[in-house]
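Colleague:
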Amino acid sequence: MRSTGSSKVALVMVRMSSTETSGRGQRHGMRRTRRLSQVREHLESAETDFLLFSQTICPYCTRAERTLDAHGFTYTEINLDHHEGLREDVVAETRHRTVPVVFDLRGDEPVFVGGSDRLLEYL
Numbered sequence: 002m003r004s005t006g007s008s009k010v011a012l013v014m015v016r017m018s019s020t021e022t023s024g025r026g027q028r029h030g031m032r033r034t035r036r037l038s039q040v041r042e043h044l045e046s047a048e049t050d051f052l053l054f055s056q057t058i059c060p061y062c063t064r065a066e067r068t069l070d071a072h073g074f075t076y077t078e079i080n081l082d083h084h085e086g087l088r089e090d091v092v093a094e095t096r097h098r099t100v101p102v103v104f105d106l107r108g109d110e111p112v113f114v115g116g117s118d119r120l121l122e123y124l
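In our numbering, each residue's number is its place in the sequence shown (first place is 1) plus 1.
1. Check whether the segment 100-108 and the segment 53-63 are in contact - that is, three or more C-beta pairs closer than 8 Å.
2. Look up T63 in the DSSP assignment and say whether it is helix, strand or coil.
3. Can you name, in chain order, every residue of its own chain whose Cβ lies under 6 Å from the Cβ of T57, other than the five neighbours on each side?
4. I'd like the span of the beta strand (DSSP E) that includes E78, first residue to last.
5. Taking the alpha-carbon positions, what's the H97 to I79 distance?
6. Could you spell out the range, first to last residue, of the alpha helix (DSSP H) harbouring V92?
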């Protein structure tokens, strides 16, 4: 079963710890406003058993979906092809470079499961 949830956008002020050089060679600390991790936003907004990051052409993603369906779990699928910059955010959060990227949301805290093979072992 698929579900889509509304994303909440949060802004935070981040003091950059590194210094950057301006055009004149002066070093200065920078403050930047940046969006919180899109991955965390999806984890917080999903109201299903699992969260699945996928891509359009991906047999392993299809296998993960079928596995979750066969076990009767609900899941939210986020297609990385439709969200600019999200793939980089997923890799930064998980260090997992292939799809699917699966999280178990049934407990108090999300659990990063891994990919399709790992999901089969996990269940």
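Don't be surprised by glycine CBs; every beta carbon is placed ideally from N, CA and C.
Modeller: Put simply:
1. A contact exists between the segment 100-108 and the segment 53-63.
2. Counting from 1 along the sequence shown, the entry for residue 63 is found at position 62. Three-state DSSP puts T63 in a helix.
3. Start at 1 with the first residue of the sequence shown, and residue 57 comes out as number 56. Only residues of its own chain outside the window of five on either side were considered, and among them D82 have a CB closer than 6 Å to the CB of T57, listed in chain order.
4. The residue you call residue 78 lines up with position 77 of the sequence shown. Residues Y76 to N80.
5. Reading the sequence shown from its first residue, position 96 is the one you call residue 97. Reading the sequence shown from its first residue, position 78 is the one you call residue 79. The alpha-carbon atoms of H97 and I79 are separated by roughly 16 Å.
6. Counting from one through the sequence shown, the residue named residue 92 turns up at place 91. Note, V92: alpha helix (DSSP H), L87 to T95.
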